[in-house]
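Structure first, then comments.
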Amino acid sequence: MEKDTMESVKVIVVGFGDRGAAYTKYALDNPDRLKVIAVVDPNPFRRELAKEKFALEEDMLFSCVEDCVRRGKFADAVINTTMDELHIKTALPFLNLGYDMLLEKPITNNKKELTLLKKAADEKNCRLMICHVLRYTPFYLKIKELLLSGEIGELVAMETNEMVGVAHASASYIRGKWNNREKCGSSMLLAKCCHDMDLLCWFNSGAAPLKATSYGGRHYFIPANAPEGAGTRCLADCKAEKECPYSCKKLLLDNEYFNEYAFTCLNKKYEEITYEEKEYSLKTDNPQGRCIFKTDADLVDRQAVIVEFENGVVATHSMISGVARPGRNIHVVGTKGELQGFLEDNKFVVRLYNPANCLYTERVEEITNVTAGDGHSGGDSRIVNDFVNMELGLPRSVSSTVIEDSINGHLIVYAADESLDNGGVSVRI
Ligand SMILES: NC(=O)c1ccc[n+]([C@@H]2O[C@H](COP(=O)([O-])OP(=O)(O)OC[C@H]3O[C@@H](n4cnc5c(N)ncnc54)[C@H](O)[C@@H]3O)[C@@H](O)[C@H]2O)c1
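Residues 177 to 605 (our numbering) make up the sequence shown, in order.
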């Protein structure tokens, strides 16, 4: 039913970390549409930050999910932005109370938990939307619209690849909180490329993926490749620090890449952290200060995936981590033509078969509506806007990510990782 559109949607944020803060910026910019009325986070610093941002009363700050659900249902929905391995544990109690939820990707770390979560949502008629923010970027949205228009004909094949830059790889997947499958629960494909698998399924919407196969490994950032004289921490005991291209000093002090991730352990507002505090933290106990070759990371640094869909469409995706130029490539081929582009270029080329010369015509589609500095090219705010529309009973965009649409992408990831772990065997989805 359509709600009074003047009434804002009231949400509880579960896990007020980096992503929680990113999505709820929408509430600060659009107080008439979205209101944060409570926050659950075990970290007192994060609770205090939320209290200050949203003018919350003390009794609306919870240090655990159990305390919050004990109050019964007192909001319209939940924004769950906890870390990957906590999604299932923190989502179920709210779904059981009948809360709709905007849930961060990856939905869950494995198929068993995914089934459990979906069942809980179905039983209570909860609407789950997954944060596949790339669907909301103007680049991929334009591609989706072009595919829907039928201009390049029936879908035949899709090729995508994602290059993860050195700074991002280091801060997140080597020295960072997603670096270990056991600790975080996510593989590289799940943590980084569930977006790409989701895009493949969204572009080929309505067709189930049937089989996946995958190869890959971890071969570069390993102890055997550490430079001579390498210690355990760049700024504490390393004789090779000055020459090492991956020194944490170069990445985090001389430059400031992914610093929000790197210094959250200090529990201070980033702008208030001094250079000396950062340096000391990297020298002592900050995981980001470890030698990049000698961490507890176990994620692959390269992986290739092949997928077959029930409508005959084939897709390939590759991920390469630790590259010079980060970004995402896409090449989609249809029966009448093709499109090809690089997300970060904000343009793609459309080629159509031309019977006049038996070759092709070509045009460039420029993406002009990208706001610099807006998270995920504007995807962060657009997905929250869609979620609010869903809650208000208003029409949603073509990017809308109800859980049914998001599940197939995750199923590909689970199957591809099973294939990778078993020498590249073909795995049925
Ligand atoms: N959509 C995207 O493109 C995108 C990008 C980055 C991260 N992510 C995903 O977003 C999620 C959050 O990532 P992040 O970087 O914001 O993490 P984060 O560590 O910055 O935030 C997580 C917060 O959850 C809190 N927390 C821990 N245990 C909790 C519990 N039991 N109950 C409630 N809160 C708890 C932590 O104190 C922290 O403040 C992850 O699943 C991550 O993979 C998605």
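Just so it is clear, CB atoms sit at the ideal spot from N, CA and C, and this is done for glycine as well.
On a predicted model such as this, the values are computed, not experimentally measured, just so you know.
With fewer than 16 other CB atoms across the displayed protein chains lying within 10 angstroms of its CB, G382 is exposed. Across the structure, Y446 and M566 are spaced so that their CA atoms are roughly 34 angstroms apart. Looking at the backbone, the Cα of L515 and that of A480 are separated by about 21 angstroms. G193 has its Cβ nearer than 6 angstroms to a heavy atom of ligand 1. For the pair of segments examined, the stretch 406-416 was found not to touch the stretch 356-367: the number of CB pairs separated by less than 8 angstroms stays below three. For the pair G555 and T313, the CB atoms are nearer than the 7 angstroms cut-off.
The continuous alpha helix (DSSP H) containing D205 extends over residues D194 to D205. Taking 7 angstroms as the cut-off, the Cβ atoms of I543 and F315 count as close.
The beta carbon of A251 lies closer than 8 angstroms to those of K186, V187, I188, I213, A214 and Y275 in the same chain, with the five residues before and after it left out. Residue range Y451 to K459 is occupied by the alpha helix (DSSP H) that includes Y456. A direct Cα-Cα distance of roughly 33 angstroms separates R501 from I605. Residue burial annotation: C302 is buried, with at least 16 other C-beta atoms found within 10 angstroms of its C-beta. By the Cβ neighbour-count rule, R351 is buried, with 16 or more other Cβ atoms within 10 Å of its own.
For R527, there is no enclosing alpha helix (DSSP H); the residue is part of the beta strand (DSSP E) that begins and ends at K523 to N530. The Cβ-Cβ distance between C307 and M495 does not fall below 7 angstroms. Closest in C-alpha terms to P463, from the list E486, T450, N487 and N435, comes N435. For the pair K249 and N272, the Cα-to-Cα distance works out to about 10 angstroms. At the C-beta level, L376 and M334 come within 7 angstroms of one another. Within the model, the alpha-carbon separation for S346 versus L429 is close to 14 angstroms. The Cβ-Cβ distance between E242 and I264 does not fall below 7 angstroms. By the criterion of a C-beta distance shorter than 8 angstroms, A384 is surrounded in its chain by F485, E486, N584 and I605, once the five residues flanking it on both sides are discounted. If the five residues before and after E261 are omitted, its C-beta is found closer than 7 angstroms to the C-beta atoms of N285, C360 and G361, all from its own chain and listed in chain order. Just so you know, the alpha carbons of K211 and A591 end up roughly 39 angstroms apart. Here N435 carries a helix assignment [DSSP, helix/strand/coil]. R504 carries a strand assignment under DSSP once its states are collapsed to helix, strand and coil. Taking 7 angstroms as the cut-off, the beta carbon of E234 is found no closer than this to the beta carbon of G510. Per DSSP, the unbroken alpha helix (DSSP H) holding E224 starts and ends at P220 to F230. The continuous beta strand (DSSP E) containing N337 extends over residues L331 to G341. Here E338 really is in contact with D372; their C-beta atoms are around 6 angstroms apart, less than 8 angstroms. In this structure, R394 is the residue among R394, K294 and P207 with its C-alpha nearest to the C-alpha of V476.
Between S576 and L317, the C-beta spacing is not below 7 angstroms. Taking every protein chain shown into account, the CB of V546 has fewer than 16 other CB atoms within 10 angstroms, so this residue is exposed.
Taking a C-beta distance under 7 angstroms as the contact criterion, F192 and A231 do not qualify as a contact pair. About 22 angstroms separates the Cβ atoms of A412 and K444, ruling out a contact at the 8 angstroms cut-off. By the beta-carbon neighbour count (other beta carbons within 10 angstroms, threshold 16), R539 is exposed. Secondary structure note for V245: its alpha helix (DSSP H) is the uninterrupted segment V241 to V245.
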